[in-house]
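Trainee: Heads up: the sequence shown is residues 430 to 726, going by the working numbering.
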Amino acid sequence: MDQQLAVFIKVAEKQNFSRAAEELHMTQPAVSQYIQALERSMGTTLLERSNKFVRLNKAGEIVYHHAKEIISLYSKMNYLIDDLTNKPSGSLSIGASYSFGEYILPHLIAKMHDKYPLITPSITIGNTKEIATLVFRHQLDIGIVEGEYKHGHLTIEPFAVDTMSIVASPHNRLVQMEGGISLSDLENETWICRENGSGTREAVEKLFNRYNFSPKKILEFGSTQLIKESVEAGLGISLLSDCVIRKEKANGILSVIQMKDISVQRDFSTVLRSPFQTKALSVFLELLKEDGAGTLS
Numbered sequence: 430m431d432q433q434l435a436v437f438i439k440v441a442e443k444q445n446f447s448r449a450a451e452e453l454h455m456t457q458p459a460v461s462q463y464i465q466a467l468e469r470s471m472g473t474t475l476l477e478r479s480n481k482f483v484r485l486n487k488a489g490e491i492v493y494h495h496a497k498e499i500i501s502l503y504s505k506m507n508y509l510i511d512d513l514t515n516k517p518s519g520s521l522s523i524g525a526s527y528s529f530g531e532y533i534l535p536h537l538i539a540k541m542h543d544k545y546p547l548i549t550p551s552i553t554i555g556n557t558k559e560i561a562t563l564v565f566r567h568q569l570d571i572g573i574v575e576g577e578y579k580h581g582h583l584t585i586e587p588f589a590v591d592t593m594s595i596v597a598s599p600h601n602r603l604v605q606m607e608g609g610i611s612l613s614d615l616e617n618e619t620w621i622c623r624e625n626g627s628g629t630r631e632a633v634e635k636l637f638n639r640y641n642f643s644p645k646k647i648l649e650f651g652s653t654q655l656i657k658e659s660v661e662a663g664l665g666i667s668l669l670s671d672c673v674i675r676k677e678k679a680n681g682i683l684s685v686i687q688m689k690d691i692s693v694q695r696d697f698s699t700v701l702r703s704p705f706q707t708k709a710l711s712v713f714l715e716l717l718k719e720d721g722a723g724t725l726s
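1. Check the DSSP bridge columns for K646 and list the partner residues they point to.
2. What residue does the beta strand (DSSP E) around R469 start on, and which one ends it?
3. Need the endpoints of the alpha helix (DSSP H) that A450 sits in, please.
4. Going by DSSP, name the residue or residues bridged to I666.
5. Taking the Cβ atom as the reference point for each residue, do L777 and P550 lie within a distance shorter than 8 angstroms?
6. Which same chain residues, not among the five before or five after A441, have their C-beta less than 6 angstroms away from its C-beta?
7. Below 8 angstroms on the Cβ atoms is my contact criterion, and I expect S528 with C672 to pass it. Report the Cβ-Cβ distance as a whole number of Å.
8. Starting from G524, trace the beta strand (DSSP E) both ways and give me its first and last residue.
9. In angstroms with no decimal places, state the Cα-to-Cα distance between E661 and V483.
10. Determine, using beta carbons only, whether D570 comes closer than 8 angstroms to chain B.
11. Taking Cβ positions, are E618 and F642 nearer each other than 8 angstroms?
12. Measuring alpha carbon to alpha carbon, tell me which of G530, S504, N601, R639 ends up nearest Q706.
13. Looking only at DSSP bridge pairs, what is T474 linked to?
14. Apply the 10 Å Cβ neighbour rule to L683 and answer buried if 16 or more other Cβ atoms are within range, or exposed otherwise.
15. Give every residue of the same chain whose Cβ lies closer than 7 angstroms to the Cβ of F637, excluding the five residues on either side of it in the sequence, and list them in chain order.
16. Extract the residue ranges of the alpha helix (DSSP H) inside the region 526-608, only unbroken runs of 4 or more that lie entirely within it.
17. Once you ignore the five residues that flank S501 on each side, which residues in its own chain have a CB closer than 7 angstroms to its CB?
18. Distance check for V700 and L583, CA to CA, integer angstroms please.
19. Which class does R702 belong to by DSSP, given the choice of helix, strand or coil?
20. Pull up the CB-CB distance for I548 and P517, whole angstroms please, since I reckon it's below 8 angstroms.
21. Would you call the region 690-697 and the region 588-599 in contact, with 3 or more CB pairs under 8 angstroms?
22. Between T473, T557, K481, which lies nearest to G489 when the distance is taken from Cα to Cα?
23. So for V673, helix, strand or coil by DSSP?
24. With H, G and I counted as helix, E and B as strand and the rest as coil, what does DSSP make of D690?
25. Assign S613 to one of three DSSP states: helix, strand, or coil.
26. If I follow the unbroken beta strand (DSSP E) through L485, where does it start and stop?
27. In three-state DSSP terms, what is S627?
28. Under three-state DSSP, which class holds S479?
29. Classify G628 as buried or exposed, calling it buried when 16 or more other Cβ atoms lie within 10 Å of its own Cβ.
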């Protein structure tokens with residue numbers, strides 16, 4: 430059954446029997462036989478076929494969604510059994526939200542590679558909600574998210590505290606002011622924020638609510654790098670993790686708007702679903718606990 434599901438997944442993704450057969454190093458008739466056997470076992474057709482395309486029907490979409498989880502769980506089972514006797518090795522799928530994933534995670538991966546070269550990591554970057562969803566669907570071994578995300582079927586544990594700052598172009602009027610910046614000054618600025626579902630957007634909303642102000646204009650961008658470039662260009666101001674703006678601060682490209690009564694912190698947390706851990710995952714978690722917080726400073 431696992432081979433039937435693997436073939437079905439490939440056909441569904443390639444939308445073509447010939448291309449699927451080529452990637453699987455099989456003949457097209459063999460691929461067709463696997464699909465027919467799976468459809469017989471399901472008691473229904475799973476694909477719409479024509480001379481031009483192969484597409485999932487409604488039943489096929491259901492099987493495809495669950496087949497991805499089944500294959501992932503089967504792979505994890507094999508890794509766990511293999512880990513009982515072997516050194517940390519094999520694939521490790523890591524998901525992370527943008528702030529941690531793009532600015533901290535690469536340094537941790539480099540350290541892990543030095544210590545455990547047999548581990549092959551793959552990295553997925555997305556917002557907090559997207560990463561947690563992929564962990565829940567068994568498509569990631571571990572997620573790293575920001576903020577106070579909660580999920581009834583996931584284990585979420587903080588491992589580091591992240592400090593955030595309000596940033597602007599060095600030429601912004603608030604940066605030029607030597608003192609007396611008020612909440613109304615912040616309210617009158619254009620704020621550039623991440624999309625809903627992002628941990629950084631959650632932190633921004635909490636800032637607005639805690640200090641009871643509402644900006645007159647908010648621009649929503651789906652990339653941290655795009656936000657930094659836009660702030661540098663003078664389009665507006667933003668709230669960003671200090672780990673994200675290190676180089677820009679050092680080079681004088683971005684400036685922090687200093688307000689002594691305003692401080693923003695949040696947690697970086699790991700997200701896990703399975704109680705079982707491969708050796709590869711275990712050593713990565715140890716690295717996070719040992720070096721994760723230090724890398725932020």
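C-beta atoms are modelled at their ideal positions from N, C-alpha and C, and glycine is treated no differently.
Mentor: The answer reads as follows:
1. T619
2. Careful: R469 lies outside any beta strand (DSSP E), inside the alpha helix (DSSP H) at 457-471.
3. 446-453
4. The partner list for I666 (beta bridge, DSSP) reads W620.
5. The displayed coordinates of the chain run from 430 to 726. Any statement about residue 777 would go beyond what the structure contains.
6. Here the set comprises L485, Y493.
7. 7 angstroms
8. 519-525
9. 47 angstroms
10. Note that chain B does not occur in the displayed structure, where there is just one protein chain.
11. Taking 8 angstroms as the Cβ cut-off, E618 and F642 do not qualify as a contacting pair.
12. S504
13. Paired residues: none, contrary to the question.
14. buried
15. S643
16. 527-532, 534-544, 557-565, 602-605
17. H567, Q568
18. 6 angstroms
19. coil
20. With a Cβ gap of about 6 angstroms, I548 and P517 count as contacting.
21. The answer is yes - the region 588-599 touches the region 690-697, with three or more Cβ pairs under 8 angstroms.
22. T473
23. coil
24. coil
25. helix
26. 483-485
27. coil
28. coil
29. Buried, since its Cβ has 16 or more Cβ neighbours within 10 Å.
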